[in-house]
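In what follows, a structure is listed as structure tokens, so that the remarks can point back to it.
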Amino acid sequence: AQTVTQSQPEMSVQEAETVTLSCTYDTSESDYYLFWYKQPPSRQMILVIRQEAYKQQNATENRFSVNFQKAAKSFSLKISDSQLGDAAMYFCAYRKGGGDWDFGNEKLTFGTGTRLTIIP
Amino acid sequence: EAQVTQNPRYLITVTGKKLTVTCSQNMNHEYMSWYRQDPGLGLRQIYYSMNVEVTDKGDVPEGYKVSRKEKRNFPLILESPSPNQTSLYFCASSLSTGANTQYFGPGTRLTVL
Numbered sequence: 028a029q030t031v032t033q034s035q036p037e038m039s040v041q042e043a044e045t046v047t048l049s050c051t052y053d054t055s056e057s058d059y060y061l062f063w064y065k066q067p068p069s070r071q072m073i074l075v076i077r078q079e080a081y082k083q084q085n086a087t088e089n090r091f092s093v094n095f096q097k098a099a100k101s102f103s104l105k106i107s108d109s110q111l112g113d114a115a116m117y118f119c120a121y122r123k124g125g126g127d128w129d130f131g132n133e134k135l136t137f138g139t140g141t142r143l144t145i146i147p
Numbered sequence: 317e318a319q320v321t322q323n324p325r326y327l328i329t330v331t332g333k334k335l336t337v338t339c340s341q342n343m344n345h346e347y348m349s350w351y352r353q354d355p356g357l358g359l360r361q362i363y364y365s366m367n368v369e370v371t372d373k374g375d376v377p378e379g380y381k382v383s384r385k386e387k388r389n390f391p392l393i394l395e396s397p398s399p400n401q402t403s404l405y406f407c408a409s410s411l412s413t414g415a416n417t418q419y420f421g422p423g424t425r426l427t428v429l
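Residue numbers (my numbering), protein chains in the order written: chain A, 28 to 147; chain B, 317 to 429.
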């Protein structure tokens with residue numbers, strides 16, 4: 028079974044600084060996808076960034092980027108120029124690849140989350 | 317507006333009183349799932365559906381039922397709720413698997429006394 032581990036329950040960063048959230052995962056699959064979701068106090072789950080395992084290039088979305096180390100099974104999220112609106116719980120998630128009707132391909136397996144605080 | 321809606325958003329009930337949490341999506345998505353979120357555990361999948369009349373268990377299905385009679389709706393049924401089902405529940409949908417985005421509903425906070 029796949030597992031996702033976020034070892035930092037809480038982190039804080041000064042506004043405008045850079046912070047990196049860690050995530051490791053365990054899988055025997057070669058085809059999979061990784062995601063970072065943000066959950067602000069409103070509780071809404073918001074997709075921040077995704078990475079396809081077959082792509083060597085790290086994904087970026089504006090101030091958000093990932094460091095994907097496939098061999099090490101590591102998928103960290105870097106937030107640059109942190110803003111007050113970035114304060115939230117961040118979840119790393121894994122999804123198996125394969126065909127649409129393969130069992131378990133629709134499921135996201137989540138880590139336990141990292142609560143990020145932005146210090147003004 | 318493309319969205320996933322859930323109702324109710326908040327519910328307090330008592331042990332044993334049957335309840336249904338509704339979920340509806342307007343994006344014509346094939347896949348729908350229910351997750352529960354508990355402190356220190358992240359989100360865990362309860363049930364999922366690949367299409368109308370096709371449902372299967374996720375990681376924590378005990379005490380829950382689902383149905384998928386229409387493509388847009390995927391209700392979660394608790395026939396005899398217990399206090400350990402107190403949680404935050406999310407419905408999600410996606411067009412397909414793989415890299416396709418799962419869109420989440422706003423969440424339902426359930427308290428079972």
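Backbone N, C-alpha and C fix where the C-beta goes; we use that ideal spot for every residue, glycine too.
Around the C-beta of A:S55, fewer than 16 other C-beta atoms lie within 10 Å, and the residue is accordingly described as exposed. The DSSP-derived three-state label of A:L135 is coil. At a cut-off of 9 Å between beta-carbon atoms, B:L335 makes no contact with chain A. Interface annotation for the region 67–86 of chain A against chain B: R70, Q71, M72, L74, R77, E79, criterion Cβ-Cβ distance under 7 Å.
Nearest CB-CB separation between B:Q401 and chain A: not below the 9 Å threshold. Burial of B:Y364 is indicated by the presence of at least 16 other C-beta atoms within 10 angstroms of its C-beta.
CA-to-CA, the gap between A:I106 and A:T87 works out to about 10 Å.
Going by beta carbons, A:F137 and B:G358 fall inside the 9 Å limit.
Under DSSP, B:S349 shares a beta bridge with B:Y364, B:A408.
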